[in-house]
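In what follows, a structure is listed as structure tokens, so that the remarks can point back to it.
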Amino acid sequence: MNPSFLETTWTDPVTGRKGYVVLDTLVRGLASGGLRLREGCTLDEVRGLAQGMTRKESLVYDPADNYLPLGGGKGGIDIDPADPQAVDVLRRFLAAVLPVVKEQWNTGEDFGLRQETLDKVAAELGLASTVEAVFATLPDAPAARDRLATAFAVDVDGISLGDLVGGYGVARAGITYVERLGLAPGEMTAVVQGFGSIGGAAARYLAAAGVTVIAIADRAGLIRNDAGLDVEALLAARNGLGIIDRSALRPTDSTAPTEQWLDVPCDLLVPAAMSYVIAAADAGRIDARVVVEGANMPTLPDAEAALLARGIPVLPDFLANVMTNAWWWWVVFGDIAPTAESSYAKIDTVMRRLVDTVATDAETTGTTLRASALALASRNSAAVQARVGITG
Ligand SMILES: NC(=O)c1ccc[n+]([C@@H]2O[C@H](COP(=O)([O-])OP(=O)(O)OC[C@H]3O[C@@H](n4cnc5c(N)ncnc54)[C@H](O)[C@@H]3O)[C@@H](O)[C@H]2O)c1
Numbered sequence: 018m019n020p021s022f023l024e025t026t027w028t029d030p031v032t033g034r035k036g037y038v039v040l041d042t043l044v045r046g047l048a049s050g051g052l053r054l055r056e057g058c059t060l061d062e063v064r065g066l067a068q069g070m071t072r073k074e075s076l077v078y079d080p081a082d083n084y085l086p087l088g089g090g091k092g093g094i095d096i097d098p099a100d101p102q103a104v105d106v107l108r109r110f111l112a113a114v115l116p117v118v119k120e121q122w123n124t125g126e127d128f129g130l131r132q133e134t135l136d137k138v139a140a141e142l143g144l145a146s147t148v149e150a151v152f153a154t155l156p157d158a159p160a161a162r163d164r165l166a167t168a169f170a171v172d173v174d175g176i177s178l179g180d181l182v183g184g185y186g187v188a189r190a191g192i193t194y195v196e197r198l199g200l201a202p203g204e205m206t207a208v209v210q211g212f213g214s215i216g217g218a219a220a221r222y223l224a225a226a227g228v229t230v231i232a233i234a235d236r237a238g239l240i241r242n243d244a245g246l247d248v249e250a251l252l253a254a255r256n257g258l259g260i261i262d263r264s265a266l267r268p269t270d271s272t273a274p275t276e277q278w279l280d281v282p283c284d285l286l287v288p289a290a291m292s293y294v295i296a297a298a299d300a301g302r303i304d305a306r307v308v309v310e311g312a313n314m315p316t317l318p319d320a321e322a323a324l325l326a327r328g329i330p331v332l333p334d335f336l337a338n339v340m341t342n343a344w345w346w347w348v349v350f351g352d353i354a355p356t357a358e359s360s361y362a363k364i365d366t367v368m369r370r371l372v373d374t375v376a377t378d379a380e381t382t383g384t385t386l387r388a389s390a391l392a393l394a395s396r397n398s399a400a401v402q403a404r405v406g407i408t409g
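Sequential numbering from 18 applies to the sequence shown in the numbering used here.
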């Protein structure tokens, strides 16, 4: 692994909690990547996530877009998002790393952190947004700010567009891949771990496409119905931590411990919560056509090898969940209108192109989807480098 451009470890003077910022690469002096809140979060985890952001940035590169990929970065704070002190710790962390946020690191929500919470804390610190470093490079920043604000104000059936685009992309990735195997969405089943921004939207759009979503795990447990869960009812019963109010379950829905999400046979298995949730010992429990990584780094490398040995491919995180990041920049750089229609049309086109390119390459060269996606990201990165230079 190449050394990161910047790694910072912060210690909260009040609670002793650690926070981390890693800028893996800079392009034109800029990096992009969210901030997560997770009890047990480590520098190594944030390093891996930042490297994933470098890949996501280059993977979607299209020379015809205004959006020029940035470098990859990430932040993480070792605290449970449900901890009553979490927002105060977040505020002190952001204040400490403010110069990096202002100049280089364009950030947003990730696991355990909602964009609206992050925006509120940023505003308290005098920041107009969490992507000020990019705005500073644009010829018409006020118009870009307006587009972003307009896009985030779009509500699609009770959920902000910004909280939907990533999971929409995950759903499209999984469906596109399994359609290549000859199955129509109406014949597919899915299991989703995590019911927050990514998992909630992935479940919504899988169900909307006709996929039967048979199990959903949140922090409180697993909810299962082999005839299909009522995803919209569960979304309406979800709290800010992505936990479903169990009083909304139907009599035919059953519950089980959350760990059992790996034991439910399905076509699309969608981890969309924490990292490192599929270990080698779990591979034998999984009975799926494909694992679609909605979460970042959910599958450990030896688990992926064990799954491949059993004929179960893994659509890698930096492809499957790339759309939140890309969408921000398509809106900011003016490649799409700040509407749901324009956003979903662009995601459809780009996700189909990415899945088709990567799957075809993997089939013809006999490599894995991850290796093929990495090769595409690295070819694109070379093209970006040739165009603008990479400084980190
Ligand atoms: N939010 C984004 O924009 C974004 C973009 C790309 C990738 N991701 C990745 O997607 C994953 C989820 O992020 P998010 O933003 O949707 O998080 P979130 O905080 O919105 O939701 C997390 C969900 O996981 C559930 N959860 C927590 N602990 C659990 C446990 N032990 N077992 C089962 N479920 C549990 C929560 O109840 C909640 O439903 C992360 O890996 C994140 O890095 C997020």
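Ideal Cβ placement from N, Cα and C applies to all residues, glycine included.
| Query | Result |
| --- | --- |
| Ordered list of beta strand (DSSP E) runs contained in the segment 28–71, each at least 3 residues | 35–40, 52–54 |
| Spatial distance of residue 194 from residue 309 (CA atoms) | 9 Å |
| Residue 18 to residue 209 span [Cα, whole Å] | Note that residue 18 scores a pLDDT of 49, beneath 50, so its modelled location is shaky; the value from the coordinates is reported in the next line. Each residue's Cα considered, the two are about 31 Å apart. |
| Contacting residues, own chain, Cβ-Cβ under 7 Å from residue 219 (five flanking each side not counted) | 184, 187, 188, 209, 287, 289, 311 |
| 6 Å CB neighbourhood of residue 192 in its chain, flanking five on each side removed | 202, 226 |
| First and last residue of the uninterrupted alpha helix (DSSP H) at residue 193 | 182–197 |
| Collapsed DSSP secondary structure at residue 123 in the structure displayed | strand |
| Cβ contact check for the segment 339–359 and the segment 76–92: 3 or more pairs under 8 Å | yes |
| 8 Å Cβ cutoff met for residue 57 and residue 105 | no |
| Under 8 Å between C-beta atoms of residue 356 and residue 171 | yes |
| Proximal residues to residue 34 (C-beta, below 7 Å), its chain only, five neighbours per side dropped | 94, 95, 96, 106 |
| CB contact flag (residue 2, residue 266, <8 Å) | Not covered by the structure: residue 2. The range shown for the chain is 18 to 409. |
| CB of residue 70 within 8 Å of CB of residue 100, strictly | no |
| Identified DSSP bridge partners for residue 172 | 177 |
| Reduced DSSP category for residue 235 - H, G, I as helix; E, B as strand; rest coil | strand |
| Per-residue DSSP class, three states only, for residue 230 | strand |
| Inter-residue Cα distance where the pair is residue 36 and residue 23 | 14 Å |
| Counterpart residues of residue 5 in DSSP-defined beta bridges | No answer is possible for residue 5: it lies beyond the span of the chain, which begins at 18 and ends at 409. |
| Heavy atom of ligand 1 within 7 Å of residue 296 beta-carbon | no |
| Selection from 264, 161, 313, 128 that minimises the alpha carbon distance to residue 66 | 313 |
| Residue 3 - DSSP class collapsed to helix/strand/coil | Residue numbering for the chain in the displayed model covers 18 to 409; residue 3 lies beyond these limits and cannot be assessed. |
| Ranges of the alpha helix (DSSP H) found wholly within the segment 298–385, counting only runs of at least 4 | 318–326, 334–337, 340–350, 357–382 |
| 8 Å Cβ cutoff met for residue 242 and residue 284 | no |
| Touch test, the segment 388–403 against the segment 351–369, Cβ-Cβ under 8 Å, three pairs minimum | no |
| Counterpart residues of residue 241 in DSSP-defined beta bridges | 232, 271 |
| Per-residue burial, residue 206 [other beta carbons within 10 Å of its own, 16 or more giving buried] | buried |
| Chain C contact for residue 195 (CB, 8 Å cutoff) | Any reference to chain C falls outside this structure, which holds one protein chain only. |
| Cα-Cα separation, residue 377 to residue 280 | 30 Å |
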